[in-house]
Every structure is written in C-alpha cells, then in structure tokens.
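Number of protein chains: 2
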Amino acid sequence: MRPNKRDELVRKSLQVFYRDGFHATGMDKLVVETGVSKTSMYKHFRTKEELILAALQLRDENFRKDFFSRIEELADTPAGQLLASFDALGEWFDEKEYRGCMFIKAGAEYQEIDHPIHKQAAEHKRILLDHFIDLARKAGAQDPEHLACQIVLLQEGAIVTAVFLKSCDPAGDAKAAARVLLDTELA
Amino acid sequence: MRPNKRDELVRKSLQVFYRDGFHATGMDKLVVETGVSKTSMYKHFRTKEELILAALQLRDENFRKDFFSRIEELADTPAGQLLASFDALGEWFDEKEYRGCMFIKAGAEYQEIDHPIHKQAAEHKRILLDHFIDLARKAGAQDPEHLACQIVLLQEGAIVTAVFLKSCDPAGDAKAAARVLLDTELA
DNA sequence: GGCAATGTGTACCGATCTGTAAACTTTTGC
DNA sequence: GCAAAAGTTTACAGATCGGTACACATTGCC
Numbered sequence: 001m002r003p004n005k006r007d008e009l010v011r012k013s014l015q016v017f018y019r020d021g022f023h024a025t026g027m028d029k030l031v032v033e034t035g036v037s038k039t040s041m042y043k044h045f046r047t048k049e050e051l052i053l054a055a056l057q058l059r060d061e062n063f064r065k066d067f068f069s070r071i072e073e074l075a076d077t078p079a080g081q082l083l084a085s086f087d088a089l090g091e092w093f094d095e096k097e098y099r100g101c102m103f104i105k106a107g108a109e110y111q112e113i114d115h116p117i118h119k120q121a122a123e124h125k126r127i128l129l130d131h132f133i134d135l136a137r138k139a140g141a142q143d144p145e146h147l148a149c150q151i152v153l154l155q156e157g158a159i160v161t162a163v164f165l166k167s168c169d170p171a172g173d174a175k176a177a178a179r180v181l182l183d184t185e186l187a
Numbered sequence: 188m189r190p191n192k193r194d195e196l197v198r199k200s201l202q203v204f205y206r207d208g209f210h211a212t213g214m215d216k217l218v219v220e221t222g223v224s225k226t227s228m229y230k231h232f233r234t235k236e237e238l239i240l241a242a243l244q245l246r247d248e249n250f251r252k253d254f255f256s257r258i259e260e261l262a263d264t265p266a267g268q269l270l271a272s273f274d275a276l277g278e279w280f281d282e283k284e285y286r287g288c289m290f291i292k293a294g295a296e297y298q299e300i301d302h303p304i305h306k307q308a309a310e311h312k313r314i315l316l317d318h319f320i321d322l323a324r325k326a327g328a329q330d331p332e333h334l335a336c337q338i339v340l341l342q343e344g345a346i347v348t349a350v351f352l353k354s355c356d357p358a359g360d361a362k363a364a365a366r367v368l369l370d371t372e373l374a
C-alpha cells in the first residue's frame, strides 16, 4: 500500500492553511511545505480553491471523528456527553498548536454566503449542531433544539475566546454555564 | 472644518477591510474605493499594516460607543443591561451588511499572538470583557468575573453563529441562556 | 521488458502585490 | 498674495500571486 501523494498533499496543505491562513498561503509555499511539485498539485486539483475545499473536507472528517469519539470516551450518558464536549474542547485549547476553528477562519476569509468555501464551513457547523440536537433529545430535554443551540453558542464562544483571552478559562466557564442550562432544561 | 482626508481614508478603508477581508484587499483597490491617491496613503501610513491598525482602532472606538450606548438606551439597571446586550447584538445581526466581528476576523488572518494586529484584536476583546465584569459587579453577582466571562462567551458564540446559521436565532437563544445564568448567579 | 500512470524540475505567463519617485495641482494659514 | 502643506497623476521597481508548458524520471503492473 503506497502512501497516496494526493492524500499527503491535502493533509499537509491543511496544516499550512490552518497555521498561516488561506490567502496568506501561496501555492509556491505549499510546494516547499508539502514536498509535492506544483505540476502534480494541479494534476489533482484544478485550482487553489479546490485544494482548500479538499483540505476543509478532511478537516471536517477528522474533527468530527476526534471530537465525538473523545466525548464518548469521557461520558456515557447523553447529558454527560453534552457536558463532556467542553472538556474535549479544553484539551484542544491546551494544545500549543491551537489556532482556533478552521471553519470560522474559512468563513472569515471567504465571506460571501454563496462562496463554496463559506458554504462548506457553514455546513460543518450545521452538522455539529445537528449532532448536539440529537444528544439533547436523547438527554430528555423539553426543547432539544433550543438547548443544543445554547450549548453550541457556548462552544463557539469558548473556541473564539480561547484564541484571544488565554488568561480566562473559556472551557471551564462554558461547562459551568452549560451545566446550569442543562439542569434548568431537564428539571 | 474641512473633512480630513486621513480620517476619510481610514473610515472608508475600514468598510472595505470589513467587507472583503485584509489580505484580499490590496492598496490599489483602496485607491479606487476611497478616492485617495496611493502616494497620499503612504504619506499618512508607512505600511498597509499601519493603516489596518488605524482602521481597527476606529472600529474599536465606534463599536464600543454604539454598543454600550445602545445597551444603556435599552435598559437602566446593570442586570437589565447585561441582558440588553443581546438585544443590541440581535439588531446588529439583522443589518444586511452584517459580516461578523471585525476583530475575530483580524485575529483569524493574523494569528501570531505577537503580531500587532492580533494584539490589538485581543485588547478589544479584553476591554469588552472588563466592561461586562463591571456591569456584573454592579448587578450584585457573587462572582462578577465568572458571570461576565459566561456572558461574553454567549456573545461571541452568537456573533459567530449569526454568520453561519441564519436559520437559528442566536441572539434570542443567547439572551435566554444569559437570563438563566443571571438568575442563578444573583439568587 | 515495456507501457501507462504518476511523479518531478524548471522555466515561464500575465496579473497583482506592497511600496517608491518625480513632477504637478490644490488647499490652507497668515 | 504667497509660501507651505497636502493632495494629485503617472510611472515604475521588485516580489509574489495563481496557473501552465514541456521535457524528463520513477513507479506499478502484466
């Protein structure tokens, strides 16, 4: 089984885009950082945009897999998993390579709502929300959608705040808030 | 009192940066959009980065002035103002030019924590947090800092979510969550 | 062995990037 | 009224942008 060059290209491009941003990363830099020749890149992807979309798709798959499986490791009840999501986020924030959410940044650099990159970022957020709506329903919430939206608001807020205010404890504060909301909703 | 060209340049550059992003906005585009010649721009600002910093400073001043004064219009008690912040955000989200938070986007495009632009964005967030800590204290919270952090998490989450999930009601959901947290903290 | 797929290096295209030079025009203060 | 300040146009420098052309090397498979 040979290591597919295409996958390697996407995997490493993802790292560079995450570290340096999309507009700030030129194709020449990717040639150096990925070790894949430009000719080869353009055989796999017709444009830089297509490469970005592939990188975002990989990120989406990896993030959801890691995030959800970590949550399930940390708790085994739906309500517990809703809360455990903040512990999983906290672990992420503590990684020294943490640079915020790739999809928030993608949406920030490609702002037109019809832009494929923006739409892909929005879809990622939508899938996450749906997952937590499902968890909220299983937890027995009176209004699962409402509760899940609030949980997601706290998650997004923590993700953003963890970038700017390292002195705070966004994951801890968000978890405490989520616990109050959860108790209120399940009461 | 002649309209200062420099201020006009910063004001219009701010709009373009907000609409199109920082890396995606070249100086030549700014020449066209602001009507100020490039030579004149570089007389006022030695680099593009300095212009961005000036634009962010203007944004910081305007945002805080508008946000805080709107909050005080909507409520006259500290607790009421904490909640009213979400109504003010909701009004902002409904503007058709809404494109998310300028400082989140600045931090996303300039990610190194030592970068002047990143630091300026972080400072803006810090000032906002301090303001809400003050409000929480005046509202009689047991732990003003903790409550304010949670309020801010909800605000940031709503700001981000309003970009991606227009179908939801981030401001309303966040306000409802804030009310629960406030009642718990003041009980 | 041989062929096709997949990869490579290098050189290049036109456009755009930030930033500068020089000569000229308008506005402003006194 | 006049000089300094502030603004303008035009042109350009050097680098980098996304993307392509072409000739050559490596690999997997039968």
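Top to bottom, those sequences are chains A and B. Heads up, the first sequence is in the working numbering, so the first residue is 1 and it goes up one at a time. Heads up, the second sequence is in the working numbering, so the first residue is 188 and it goes up one at a time. All C-beta atoms, glycine included, are put in the ideal place defined by N, C-alpha and C. Since this is a predicted model, take the numbers as computed values, not measurements.
- Taking a beta-carbon distance threshold of 8 Å, L165 (chain A) counts as an interface residue toward chain B.
- Here the C-alpha atom of P78 (chain A) lies approximately 17 Å from the C-alpha atom of K65 (chain A).
- Annotation: D215 (chain B) has no Cβ neighbours in chain A at a cutoff of 8 Å; minimum Cβ distance is about 16 Å.
- K225 (chain B) and E195 (chain B) have their C-alpha atoms spaced approximately 14 Å apart.
- Under a 10 Å Cβ-count criterion, V32 (chain A) is classified as exposed, with fewer than 16 other Cβ atoms of the shown protein chains found around its own Cβ.
- Shown here for H44 (chain A): same chain residues with a beta carbon closer than 7 Å to its own, the five before and five after excluded, namely R6, L9 in chain order.
- Under the 8 Å criterion on CB atoms, P170 (chain A) is classed as interfacial with respect to chain B.
- Residue state for K283 (chain B) is assigned as coil, using DSSP reduced to three classes.
- Selection A:H115, A:A75, A:F63 evaluated against L53 (chain A) yields A:H115 as nearest (Cα-Cα).
- Restricting attention to B:L315, B:K325, B:G287, B:C355, the CA atom closest to the CA of S272 (chain B) is found in B:L315.
- Counting the other CB atoms within 10 Å of its CB gives E72 (chain A) a total below 16, which places it among the exposed residues.
- Between K96 (chain A) and chain B, the shortest Cβ-Cβ separation is not below 8 Å.
- Residues of the segment 233 to 244 of chain B with a C-beta atom less than 9 Å from some C-beta of chain A do not occur.
- Secondary structure at G222 (chain B): coil, using DSSP grouped into helix, strand and coil.
- Boundaries of the alpha helix (DSSP H) harbouring Q337 (chain B): 331 to 351, taken from the DSSP string.
- Under the Cβ distance rule, I117 (chain A) does not count among the residues neighbouring chain B, no pair being separated by less than 8 Å.
- For secondary structure counted as the alpha helix (DSSP H) over 4 or more consecutive residues, the segment 14 to 69 of chain A holds these complete runs in sequence order: 27 to 34, 38 to 44.
- With fewer than 16 other CB atoms across the displayed protein chains lying within 10 angstroms of its CB, K216 (chain B) is exposed.
- The residue from B:E282, B:R324, B:A326, B:I291 with its alpha-carbon nearest to that of F164 (chain A) is B:I291.
- In the three-state DSSP reduction, I291 (chain B) falls in the helix class (H, G or I).
- Taking 8 Å as the threshold, the shortest C-beta distance from L154 (chain A) to chain B falls below it.
- For L245 (chain B), the closest C-alpha among the options B:V203, B:R198, B:T212 is that of B:R198.
- Within the segment 125 to 147 of chain A, K125, R126, L129, H146 place their CB atoms closer than 8 Å to a CB of chain B, listed in sequence order.
- If you check each beta-carbon in the segment 196 to 210 of chain B against every beta-carbon of chain A, the ones closer than 7 Å belong to G208, H210.
- Residues of chain B with a Cβ closer than 8 Å to the Cβ of R99 (chain A) are, in chain order, Q298.
- Contact check for G157 (chain A) against L341 (chain B) passes: the beta carbons are separated by less than 8 Å.
- Between P144 (chain A) and I133 (chain A), the CB-CB gap stays under 8 Å.
- CA-to-CA, the gap between E185 (chain A) and H23 (chain A) works out to about 43 Å.
- Looking at the backbone, the Cα of M27 (chain A) and that of G35 (chain A) are separated by about 12 Å.
- Along the segment 259 to 280 of chain B, none of the residues has a CB nearer than 9 Å to a CB of chain A.
- Spatial neighbours of D263 (chain B) in its own chain (CB-CB distance under 7 Å, excluding positions within 5 residues in sequence) are not present.
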